[in-house]
Amino acid sequence: MKLDPEDEKLESYLRQFCAQAPGPLPKERKQEKVRIVALAAIAALILLATGIVALRQAQNSSHRTVVTKSVEREPAAAEISMIRLSRYAQQDPESLGANLDRLSPRLLPDVRKGKGVLNHLARE
Amino acid sequence: MAGKLTYQDVQDLYRQHGPALLAYGTNMLGDRAAAEDVLHQVFLKLLATDRLPAEPRPYLFKAVRNRALNAMRSSARLSSLEGHEWLVKPQGMVEAGLEIERIMRDLPEEQREVVVLRIWGEMTMAEVAVVLDIPENTVASRYRYALNRLRALLKEETK
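Structure, rendered in structure tokens:
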């Protein structure tokens, strides 16, 4: 675009005034900030993973307790296995009922204590 | 100029174009501090990209413009430029400098930004057209109108 002399004169008049300089550029590099955030995120992930592992281990140990308890119950369960019941029936048929009565409270819940349907049926 | 960016490159660009970019931002936002914030955001983003743009000057002005427009939208503030000095006034020309700042405030926004880009950004009409994303002829006509108006206002002030 060709400017006329009047415009050029005005341009050079305006250009006598320079624009003010801004303050110094902040030294903080965004990359460093990103790096810090990334490190914090990794640390948080490690903490989270450790927490999950610890929780799993705690769950496993409680599961083991349950297993142990069931193992403790095994003799009673073994006592009322089909083989053992058959043996009771063959050797001492009269005491079969007494043996079952002795073993069942150790394995089965006492329906007489509750107020549910089983209790109702038991009473009937 | 495209290539791997160093911190020194960014500092050099800031020193070289900072004043004109600040003038541009201040004229858009009507607030020097807000314009400086915008400027810092643009340069910090440039640091984060790690690559120099092929044409740094239009890139920087365009980036400042986009961020200033976003800031204007989010704050819904009208630019008044009142009390925001952005020109260096040489000794004995303080009044004249203040007068130019005053007259610039009276220009329509679209003419004002063309003048700032052309005079203080030292851009060609083609470069201004790239920054504003408008045809070169539109830039030229806005500039002509702006100069006529500036001349008229300067004459009025000197009467």
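Chains B and F, in that order, are what the protein sequence lines are.
The first sequence begins at 0 in numbering that gives the first Met the number 0 and counts up by one.
The second sequence begins at 0 in numbering that gives the first Met the number 0 and counts up by one.
Here a beta-carbon is modelled for each residue, glycine too, at the ideal position from N, C-alpha and C.
Hey, does residue i have any beta-carbon neighbour from chain F nearer than 8 angstroms?
i	result
B:PRO4	no
B:LEU24	yes
B:ARG14	yes
B:ALA40	no
B:ALA37	no
If I measure Cβ to Cβ from residue i and keep anything under 7 angstroms in the same chain, skipping five residues before and after, which residues do I get?
i	result
F:LEU116	TYR23, PHE60, MET122, VAL127, VAL130
Hey, is residue i's beta-carbon within less than 8 angstroms of any beta-carbon in chain B?
i	result
F:PHE60	no
F:VAL41	no
F:TYR144	no
F:LYS3	no
F:PRO218	Residue 218 of chain F is absent from the structure shown; chain F starts at 0 and stops at 158.
F:ALA70	no
F:PRO18	yes
F:GLN110	no
F:GLN10	yes
Do you know how far the Cα of residue j is from the Cα of residue i?
i	j	result
B:PRO25	F:THR48	16 angstroms
F:ALA19	F:ALA34	11 angstroms
B:SER103	B:MET81	14 angstroms
F:VAL138	F:MET124	6 angstroms
F:VAL63	F:VAL113	14 angstroms
F:LEU28	F:LYS154	27 angstroms
B:ALA43	F:LEU46	27 angstroms
F:GLN40	F:ASN65	11 angstroms
F:LEU152	F:GLU98	10 angstroms
B:ALA20	B:PRO4	30 angstroms
For residue i, is the classification buried or exposed, using 16 other Cβ atoms within 10 angstroms of its Cβ as the cut-off for buried?
i	result
F:ASN26	buried
F:LYS44	exposed
B:GLU93	exposed
F:VAL9	buried
F:ASP11	exposed
F:GLU100	buried
F:VAL93	exposed
B:ARG55	exposed
F:PRO57	buried
F:GLU37	Correcting the residue type first, residue 37 of chain F is Val in the shown sequence and not Glu. F:VAL37 is buried by the Cβ-count criterion.
B:LEU120	exposed
Comparing the C-beta of residue i with each C-beta of chain C, is any distance below 8 angstroms?
i	result
B:LEU9	Checking the listed chains, one finds no chain C in this structure; the protein chains it contains are B and F.
Leaving out the 5 sequence neighbours to the left and right, which residues in its chain are closer than 8 angstroms to residue i when beta-carbon positions are compared?
i	result
F:LYS3	ASP49, ARG50, LEU51
(Q) With three or more C-beta pairs closer than 8 angstroms as the rule, is the region 137-149 of chain F touching the region 96-113 of chain F? (A) With a cut-off of 8 angstroms, the region 137-149 of chain F and the region 96-113 of chain F count as touching, because enough Cβ pairs lie within range.
Q. Would you say the region 8-17 of chain B touches the region 79-99 of chain F, given that touching needs at least three Cβ pairs under 8 angstroms?
A. Segments in contact, yes.
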